[in-house]
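Worksheet: the structure to be examined is printed underneath.
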């Protein structure tokens, strides 16, 4: 039985993972199909599902909407999918405004906005609040304080926790408002009939407009007023810069021809050139010829059929017509398929699948379980425990790899494009290295390190994802797959390897100091692992750093500019080289190398995160106070570990004479 | 004694100490950028022999550190001496040899770049032609005399650092002497308000200087702002020509001396090229619905009358133009060019770096060296394990 146990446990987890890939049926509304519909936001084509999840994550730090946050999980609170929440917000804002989806934690901010205290009887959990609860005055207060902070504390490192909480809430509210006007002006009652009225009024209105502008005879004031009345409403929706819903009638892969629904509605009356001019920021003068041409072309464009489809979906959902909504979604899908959007529709469908599969939260869970099994191996020395851990890590590694590949396919990019993906990739690299180590030394050490780093990097990634979309478009200077695939990947593998060495060293200190698991044999094998990994880390961080220099030389003529991120990478190289030379020179022994390797964790974290926090240089992403605290805590913990490592081994529970050497270190000892 | 010195210079202990100090200096040099700006921090920590780290808010230096030059030099000496004394060539150490040669090449290359590389900016509007680029830091006081339509202007240019209050400067081509009355590293020019500035005389007696005042500004150290220097000079030739205010913000002024007109200009130091670029078109794209820049692109026409070259080139991010020993990179682009009839502006970074190839070679050598060395370790390690595992 014990021999089969590892495979049985792994198979159960594999089934759980496969289960998440099964398509789910919608009992009523076709939210799944609606969530697959394409929109353009943050400059990229994405499914409505991604827009909904990323926005909700930004607003309430979770990608589902719990409508009864004061209820405990066993009381079965009503939980909506992100897509249903977004659809409600876009079509029935008066309903969505009553849902408690804004997360507010800072006590002073709550006090300022006079938000209610926790009171389960009244449905208040003291953390989540609705748009209506802020009220007019609350909205004004938030806006004023946010402006005040932005103007008076331009340097983001001057901002305190209250400032950051205020700005965070202000950004969440801005996003909420942007989304509200995505499909139609927020006070719409029946969109389809409104559009029909508008379309009827266009020909006469445009004629009147042209007559007025050219000064040729009298014009019909009523016709002009009617069209302008509509147009004004659509202009107002554009002010919030909502997502782009309307695909170009000509189809194609390009996202730049997509329009906001307001633009699509205004174009039939104003014509393309005039509308472009009216929306230009900053405002500019139009030459008389261009103006005349624009006026002549007014009223020549037809209304995009996509607008009608969106109106049908919105009206049906607002009026709670399940069948009508599902037919409208299917109708729009058929229309989209006729457009030939390149790989657009496939992409949105796969991205939705990726979202609901959530590969990295699955791997995080697997890593925890696998870690427990590898610990079990050291304490009851049962091989089945190690095998289980090994198979679970292998399974997680496969899922992790598939998740990375999915992201690469969706983005059309190498694996690392921003901090979020670097966390995912560092985890992947560390798990890969851990598996390699385990294949040599079968003593669960490689597995323990793989799972700890795998899990921690997922936590880091999860927190980074709270900022919103993790697949944002890349700035012009980063827009090169060659350098992203070489420099960035290699330098990130260098980070991963340095962390693996550091965590191996932590294991050495912790197991040595607190348990009797370690003996001379195991110590020696750990020290060999650290050495081998450090060689690897030196190679990768060096080559990665120099490739970064070459990229810089290629793109702005400077091989080395002493940019903080460059310096961070250089410090890793120098530190790794220092450890290797100190070992070759016999200046440090086993324990010394371990302590130096733990310090490597600090060096790497500073390079990975600390340099971005400085707020200077090309790689800076602004000051993140949460990240700063986390970094300081991590640095502190590493210092404590080094202090432990500095205590002479005679005082450790392992290695001392009393510890005895009854530990089996796997089938092959070195 | 000497053998002891060699022992010290070749020791691994020294290597470890130097690497450790390197970590410390790079760390403080990075921290220094937040308070002093990139340029100052770079000069202070990396392009120096000795450095001091001053904590934010403190007035006196606290932590003495070796500068980048000192560390680099010591590392090169350490490596070279070690190879001549301690190291014996064997095939099993070929990787280390390659790595170390690569490191030496990288360090020397960086030094050469520091000494030889020149960076400047070429900025123009659509339709403009430029045969020179301008320094982004240094200014010069230029006197120009038009020497007829067919020949080049006669130019006397004095670097800004030579302008010290009280100094007198003479040049054989100039029919007048220059006495520096005031010099400002960074200053702003504004029109003198007769009522508000009643207690401040105009900056100078002649030219536009009679209508303005100069407000000294603290020198800026950030990357995105630059110092605009100004000076007040007195010109005296056969007759007294009065005092003149010059500044990087002012347009050229004209001084007439014995019937010849001289143009007076305080401008960025120029570097003339034997060819010219004309900016034909600028492209500035952002991702739809966002402000994220997607592409900056300048289409330029390259003309060299000597080699009869005349072609059009696109310069954009990660795709520079390399020509005549110079490399032209897309640097900045004006956004306002989208207005109708407005002409787009573009700034190209112009770099001349004769030692640009060294990092490429160094990287290959070190990469291959490390790979060889570690693969040898690895294969040995695996070979040793096999018989036991069997």
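Protein chains in written order, with this note's numbering: chain F, 766 to 1435; chain B, 26 to 415.
Even glycine gets a Cβ: it sits at the ideal position worked out from N, Cα and C.
Buried or exposed: where does residue i fall if 16 or more other Cβ atoms within 10 Å of its Cβ makes it buried?
i              : result
residue 961/F  : exposed
residue 1113/F : buried
residue 365/B  : Bear in mind that the predicted position of residue 365/B carries a pLDDT of just 46, short of 50, making it unreliable; the figure below should be weighed with that in mind. The residue is exposed, with fewer than 16 neighbouring Cβ atoms inside 10 Å.
residue 1300/F : buried
residue 1217/F : buried
residue 69/B   : buried
residue 388/B  : buried
residue 358/B  : buried
residue 193/B  : exposed
residue 999/F  : buried
residue 1433/F : In this prediction, residue 1433/F has a pLDDT of 35, which is less than 50 and means its spatial position is unreliable; what the coordinates show is noted afterwards. Classification of residue 1433/F: exposed, given that the 10 Å Cβ count is below 16.
residue 1318/F : buried
residue 1387/F : Summary for residue 1387/F: the model assigns pLDDT 46, below 50, so the residue's position carries little reliability; its value from the coordinates is reported in the next sentence. Its Cβ having fewer than 16 others within 10 Å, residue 1387/F is exposed.
residue 116/B  : exposed
residue 1398/F : exposed
residue 913/F  : exposed
residue 168/B  : buried
residue 837/F  : exposed
residue 1412/F : exposed
Assuming residue i contacts residue j (C-beta within less than 8 Å), just tell me the rounded distance between them.
i              : j              : result
residue 260/B  : residue 201/B  : 5 Å
residue 1142/F : residue 1209/F : 4 Å
residue 939/F  : residue 395/B  : That pair is no contact at about 49 Å.
residue 233/B  : residue 225/B  : Residue 233/B to residue 225/B, Cβ: 16 Å. No contact.
residue 805/F  : residue 813/F  : Going by Cβ atoms, the distance from residue 805/F to residue 813/F rounds to 11 Å, so no, they are not a contact pair.
residue 123/B  : residue 390/B  : 5 Å
residue 355/B  : residue 332/B  : Not a contact, Cβ separation roughly 24 Å.
residue 1069/F : residue 1014/F : 6 Å
residue 373/B  : residue 353/B  : 5 Å
residue 1235/F : residue 1185/F : 4 Å
residue 295/B  : residue 157/B  : 4 Å
Taking DSSP's pairing of strands, which residues face residue i in a bridge?
i              : result
residue 202/B  : 261/B
residue 809/F  : 806/F
residue 918/F  : Answer by DSSP bridge pairing: none, since residue 918/F is not bridged.
residue 1283/F : Paired residue(s): none; residue 1283/F is not in a bridge.
residue 212/B  : 241/B
residue 357/B  : 372/B
residue 77/B   : 89/B
residue 425/B  : As shown, chain B starts at 26 and ends at 415. That puts residue 425/B outside it, with no answer to give.
residue 341/B  : 322/B and 344/B
residue 278/B  : 289/B
residue 269/B  : 258/B
What does a CB cutoff of less than 6 Å around residue i pick up in its chain, not counting 5 residues either side in sequence?
i              : result
residue 58/B   : 66
residue 312/B  : 319
residue 244/B  : 210, 211 and 252
residue 1276/F : 1282 and 1283
residue 204/B  : 193 and 259
Within its chain, find whatever has a CB closer than 7 Å to the CB of residue i; leave out the 5 residues flanking it on each side and keep chain order.
i              : result
residue 978/F  : 1060
residue 880/F  : 869, 894 and 898
residue 33/B   : 39
residue 1080/F : 955, 956 and 957
residue 1410/F : 1274, 1356, 1359, 1360 and 1363
residue 363/B  : Summary for residue 363/B: the model assigns pLDDT 49, below 50, so the residue's position carries little reliability, and this model does not support an answer.
residue 198/B  : 179 and 181
residue 1392/F : 1374 and 1378
residue 327/B  : 300, 302, 334, 336, 338 and 348
residue 1406/F : 1271, 1274 and 1363
Starting from the C-beta of residue i, find all residues in its chain whose C-beta is less than 8 Å away, skip the five residues before and the five after it, and write them out in chain order.
i              : result
residue 1149/F : 767, 768, 770 and 771
residue 1231/F : 822, 823 and 826
Runs of alpha helix (DSSP H) lying entirely within the segment 1253-1332 of chain F, each at least 4 residues, in chain order:
1254-1279 and 1285-1321
Let me know the beta strand (DSSP E) ranges lying completely inside the segment 1064-1135 of chain F, each 3 residues or longer, listed in chain order.
Qualifying beta strand (DSSP E) stretches: none in this window.
Taking only runs that begin and end inside the segment 768-843 of chain F, name each unbroken beta strand (DSSP E) of 3 or more residues, in chain order.
803-806, 809-812 and 829-831
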